[in-house]
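Report on one structure; see the data block that follows.
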Amino acid sequence: MDIAQSLPAGTPFGGELERRPRLLVVDDQPVNVQLLYRVFAADHQVFAATEGNKALEIARQQQPDLILLDVVMPELDGFEVCQRLKADQLTRDIPVIFLTANADPESEAHGLDVGAVDFIGKPFNTKVVRARVKTHVTLKRQGDLLRRWVFLDGLTGIANRRHFDERLAVEWARIQRSGAPLSVLLIDVDHFKRFNDSHGHQSGDDCLRRVAAALASGLQRPTDLVARYGGEEFVCLLPDTDGYGAQHMAEQLRQRVHQETQPGVSGAPWPAVTVSIGVGSARLDLMHSADDLLREADLNLYRAKKAGRNAVRAGAAALSA
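When the letters of the sequence shown are read in order and numbered with the UniProt record's numbering, they come out as residues 1 to 321.
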C-alpha cells in the first residue's frame, strides 16, 4: 500500500515514542516519502506532507526536530515554505534541510539565505542523508536545552511566566489572522497557605513540583503549554482549542492532580491536594487583547473558588461579572 497516500497528512509514522526524534518529510512525490520513511522509521517518528501549506500546519502542530523539504512543489515552493517557517516564532528554530534535483550553486545559496541549514541534491545517498539529519537533530536538541534553561521555572522544571507571556503574544497574533480558537486555563492550588502552615515550606515546594508534573503529563499536544504563573498558580495555553475542549481538558487536569498527589501514588507524607481552574476562551468580537482572555480565566477561577474550590468554571458571562 502507498504509505504517503494511505495515511492522512500529519499522521505520525512509527508510533508515539517521544524519545525518538520527530522528522517532517515534505515532498510532492509519494515515492520519495516512502523512501525516506524506510530510511528513518526505525528510530524516528516521521510525519509527511505533500504540499507547502499542509507542511506549515504540521510543523506548528507537531513541532518536529527537523524538516526534510523538497524545493520544487506546486503552489508554495520549498523556499517560500522555509521563509514562512522562519518568520513564525513557533517554528523558526526547526532546522530545514532542502532536498532537490536543482543542486546548482545559485539554488544552494538561495536555500541557505532563506534559512536552511543544509542542502542535499537528488538523487541522494541515504547514508549521507542519515548522517546529516543526525548532526542537525543533535544541534537542535542542544539549542532547545539552552532555550529551556532561559524559560524554565527553577522550582518546578516547567515553563516560567516569561515563556508563557511570549507564547501567548504569539498565539494571540496568530488567531487575529486566522480566527482559530485559543483558550487558557488559570489553575490555583487550593488552600496552599494552610498546606504550608501545616506541613512546612519544603513540603510546599514538593507539592508544587508534583502538581506541575501532573499538569505537564496531562497535556495532549506538543503545542500545549503549562507554566508556573506565580506562587501556587499555574497556567495552561491551549492553541486550537475552543471553550468546550478547554473545559473538558480543565476537568481532566483537575482530576489528574488529585489522583497523582494521592499518598499511595506519590509516596508523599501529606494528603492529596486539589486545584481550582478558571477557563478563558478567545472571542475576537468582544476581546481586544490577550489581557482580556486572561481576565476571563481569572474571573472564572474566582468563581471556582467561590463555589467551594476543587472545581472548574468556564463561560463568557465572566467578562461582565
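Note that CB positions come from ideal geometry on N, CA and C, so glycine has one too.
Bear in mind that the values here come from a model prediction, so they are computed numbers and not experimental data.
Nearest neighbour of residue i, chosen from the options [CA to CA]
i: D93; options: E251, G78, A103 and A116; result: A116
i: V96; options: K86, D291 and L182; result: K86
i: D70; options: Q62, K122, D104 and T91; result: K122
i: L225; options: V72, N160 and A103; result: N160
i: D65; options: V137, Q34, D104 and A41; result: V137
i: L76; options: P222, F47, R167 and A55; result: A55
i: P271; options: R210, E80 and L299; result: R210
i: D240; options: C82, R162, R60 and L253; result: R60
i: L168; options: N300, L293 and V26; result: L293
i: V33; options: R194, D205, R20 and I67; result: I67
i: L284; options: L155, S203 and I175; result: I175
i: G157; options: L208, C236 and H199; result: L208
i: P263; options: S203, G218, R221 and S289; result: S203
i: V72; options: D28, L112 and L90; result: D28
i: E51; options: L36, R38 and G78; result: G78
i: L219; options: H199, Q252 and F195; result: Q252
i: Q63; options: E296, P74, F40 and D88; result: D88
Boundaries (first-last residue) of the beta strand (DSSP E) holding residue i
i: L35; result: No beta strand (DSSP E) holds L35; the alpha helix (DSSP H) holding it covers P30 to F40.
i: A48; result: Q45 to A49
i: I120; result: D118 to G121
i: L69; result: L66 to D70
i: G280; result: V275 to S281
i: T100; result: V96 to T100
i: R22; result: R22 to V26
Whole-angstrom distance between residue j and residue i, CA atom to CA atom
i: A212; j: D197; result: 21 Å
i: K306; j: L186; result: 15 Å
i: A250; j: N53; result: 31 Å
i: F234; j: R228; result: 4 Å
i: V312; j: S281; result: 14 Å
i: A49; j: E106; result: 26 Å
i: Q142; j: W149; result: 11 Å
i: G278; j: V189; result: 12 Å
i: H258; j: A42; result: 38 Å
i: V170; j: S178; result: 12 Å
i: D291; j: T126; result: 50 Å
i: V275; j: H44; result: 37 Å
i: H163; j: L24; result: 25 Å
i: G267; j: H191; result: 21 Å
i: T100; j: R254; result: 49 Å
i: V273; j: R256; result: 11 Å
i: L238; j: A216; result: 12 Å
i: R84; j: A214; result: 35 Å
i: R147; j: C236; result: 19 Å
i: D205; j: L155; result: 7 Å
i: L139; j: R132; result: 11 Å
i: N300; j: A316; result: 9 Å
i: H288; j: V81; result: 31 Å
i: K193; j: R303; result: 19 Å
i: A314; j: R221; result: 21 Å
i: N102; j: H110; result: 12 Å
i: A173; j: D153; result: 25 Å
i: G200; j: F151; result: 28 Å
i: F47; j: E108; result: 25 Å
i: residue 329; j: R309; result: With the chain represented from 1 up to 321, any question about residue 329 goes unanswered, as that position is not in the structure.
i: Q5; j: L286; result: Confidence is the limiting factor: at Q5 the pLDDT is only 38, short of 50, which leaves the residue's position unreliable, though a coordinate-based value still follows. Going by the C-alpha atoms only, they are around 42 Å apart.
Segment limits, alpha helix (DSSP H) that includes residue i
i: L299; result: A290 to K306
i: I58; result: G52 to Q62
i: R84; result: G78 to A87
i: residue 376; result: The structure shown does not extend to residue 376, since the chain spans only 1 to 321, so no value can be given for it.
i: V114; result: It is not in any alpha helix (DSSP H) - V114 carries neither H nor E in the DSSP assignment.
i: G264; result: P263 to S266
CB contact check: residue i to chain C, cutoff 8 Å
i: V31; result: In the displayed structure, chain C is absent; only one protein chain is listed.
**Whole alpha helix (DSSP H) elements within the segment 222–260, 4-residue minimum** = 243–260
**Asked** What alpha helix (DSSP H) runs, 4 residues minimum, are completely inside the segment 147–197?
**Response** 161–178
**Item:** Segment contact, 8 Å Cβ cut-off, at least three pairs: the segment 243–253 with the segment 177–194
**Value:** yes
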